[in-house]
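Colleague: This is the structure, below, for whatever I ask next.
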Amino acid sequence: MQDMFRFGTRLLMVMATFVLAQSAVAGQGAGSVIEGSKAYGLDSCVEPTPLMRKKHYAFLKHDRDITVHQGVRTIKHSLAGCVDCHAAKDDAGNYVPVTAEGQFCQSCHEYAGAELPCFSCHSSTPTKATKAGD
Ligand code: HEC
Ligand code: HEC
Ligand code: HEC
Numbered sequence: 049m050q051d052m053f054r055f056g057t058r059l060l061m062v063m064a065t066f067v068l069a070q071s072a073v074a075g076q077g078a079g080s081v082i083e084g085s086k087a088y089g090l091d092s093c094v095e096p097t098p099l100m101r102k103k104h105y106a107f108l109k110h111d112r113d114i115t116v117h118q119g120v121r122t123i124k125h126s127l128a129g130c131v132d133c134h135a136a137k138d139d140a141g142n143y144v145p146v147t148a149e150g151q152f153c154q155s156c157h158e159y160a161g162a163e164l165p166c167f168s169c170h171s172s173t174p175t176k177a178t179k180a181g182d
């Protein structure tokens, strides 16, 4: 009985730690959209925000696969699209890479300890092809 109780307590502690860690990530992300980016003036992402927080990498990988392997171009979760909307301009009007210190993708990933192994090939600032009229 004593053992059961101890086990139960430990399980609860593990669960509580997990819940805290999760909400810390979500909390840090809340309002993390960067001033000076297109996203800053918009109400929503390409999916509902809670879903984006949880699943953006799954969306990205899925859409990468259908682009690279099946040649589908009309994807909803384009990496170039994320960068286009989430990259901010500095005071001089130049784009700051989304992977730079304190920027949208970088700050949350640093906090979460997640790597971003994409930008050795992909541009971390909007490119001419994706820049919509500015
Ligand atoms: C070794 C180079 C390389 C790396 C690293 C890489 N990609 Fe790509 N990716 C490509 C190429 C090449 C294409 C095809 C480009 C095209 O056809 O527009 C592509 C296309 C894509 C597309 C579809 C086009 C678009 O703009 O959205 C997505 C989504 C994507 N990659 C996501 C990712 C993600 C997420 C990562 C990191 C986990 C990543 N890629 C890492 C080379 C790379
Ligand atoms: C057309 C603009 C636009 C595009 C494209 C876009 N986003 Fe967003 N994104 C937003 C806006 C606006 C918000 C804030 C929504 C809110 O306030 O609830 C947001 C929120 C988010 C959040 C939650 C941030 C937080 O505060 O917790 C994540 C994560 C995210 N986006 C990732 C991505 C990724 C990854 C892509 C590419 C697949 C992408 N976004 C494409 C506009 C965009
Ligand atoms: C609200 C916090 C948050 C924001 C903002 C955010 N991410 Fe993430 N991202 C995460 C977390 C947490 C993970 C790790 C998830 C896991 O591995 O379970 C992750 C993982 C990823 C991965 C998978 C990496 C791998 O190792 O394969 C990609 C790709 C990615 N994010 C792209 C982006 C891009 C691009 C942006 C900016 C447009 C962005 N994320 C913004 C929290 C965020």
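Counting from 49, one number per residue, gives the positions in the sequence shown under my numbering. The beta-carbon is built from N, C-alpha and C at its ideal position, and this holds for glycine as well. The model shown is predicted, which means the values in this text are computed figures rather than measured ones.
Counting C-beta neighbours from all protein chains within 10 Å, is the total for valine 116 16 or more, i.e. buried, or is it exposed?
Modeller: With fewer than 16 Cβ atoms within 10 Å of its Cβ, valine 116 is classed as exposed.
Colleague: Using 8 Å as the cut-off, classify the Cβ of cysteine 169 as near or not near the heavy atoms of ligand 2, replying yes or no.
Modeller: The answer is no for cysteine 169.
Colleague: Can you look up lysine 124 in the DSSP assignment and give me helix, strand or coil?
Modeller: Correct three-state label for lysine 124: coil.
Colleague: Who are the Cβ neighbours of valine 81 in its own chain at under 8 Å, not counting the five residues just before and after it?
Modeller: Cβ neighbours of valine 81 beyond the five flanking positions: Ala87, Tyr88, His134 and Phe152.
Colleague: Any chance you could list the alpha helix (DSSP H) runs of at least 4 consecutive residues sitting entirely within the stretch 92 to 138, in chain order?
Modeller: Listed in chain order, the complete alpha helix (DSSP H) runs (minimum 4 residues) inside the stretch 92 to 138 are 97 to 118 and 127 to 134.
Colleague: What are the boundary residues of the alpha helix (DSSP H) that cysteine 156 is part of?
Modeller: Per DSSP, cysteine 156 belongs to the alpha helix (DSSP H) from 152 to 160.
Colleague: Sorry if obvious, but does the Cβ on arginine 101 come closer than 8 Å to a heavy atom of ligand 2?
Modeller: Checking the Cβ of arginine 101 against ligand 2 gives yes.
Colleague: Hey, is lysine 86 close to ligand 3, as in C-beta under 8 Å from one of its heavy atoms?
Modeller: No, Cβ of lysine 86 sits at least 8 Å from all heavy atoms of ligand 3.
Colleague: Three or more C-beta pairs under 8 Å: does that hold for the stretch 109 to 127 against the stretch 143 to 157?
Modeller: Result no; under three Cβ-Cβ pairs closer than 8 Å.
Colleague: Using C-beta distances below 7 Å, list every residue in its chain close to glycine 161, excluding the 5 sequence neighbours before and after it, in chain order.
Modeller: For glycine 161, where only same-chain residues beyond five positions count, there are no Cβ hits under 7 Å.
Colleague: Would proline 165 count as contacting chain D if we go by Cβ distances under 9 Å?
Modeller: The question asks about chain D, but that chain is absent: this structure has only one protein chain.
Colleague: Which residues share a DSSP beta bridge with tyrosine 143?
Modeller: Paired residues: Lys137.
Colleague: Cα separation between threonine 37 and leucine 164?
Modeller: No statement about residue 37 is possible, as the shown extent of the chain runs from 49 to 182 and does not include it.
Colleague: State the Cα-Cα distance for the pair histidine 104 and lysine 137, rounded to the nearest angstrom.
Modeller: Roughly 23 Å separates the two Cα atoms.
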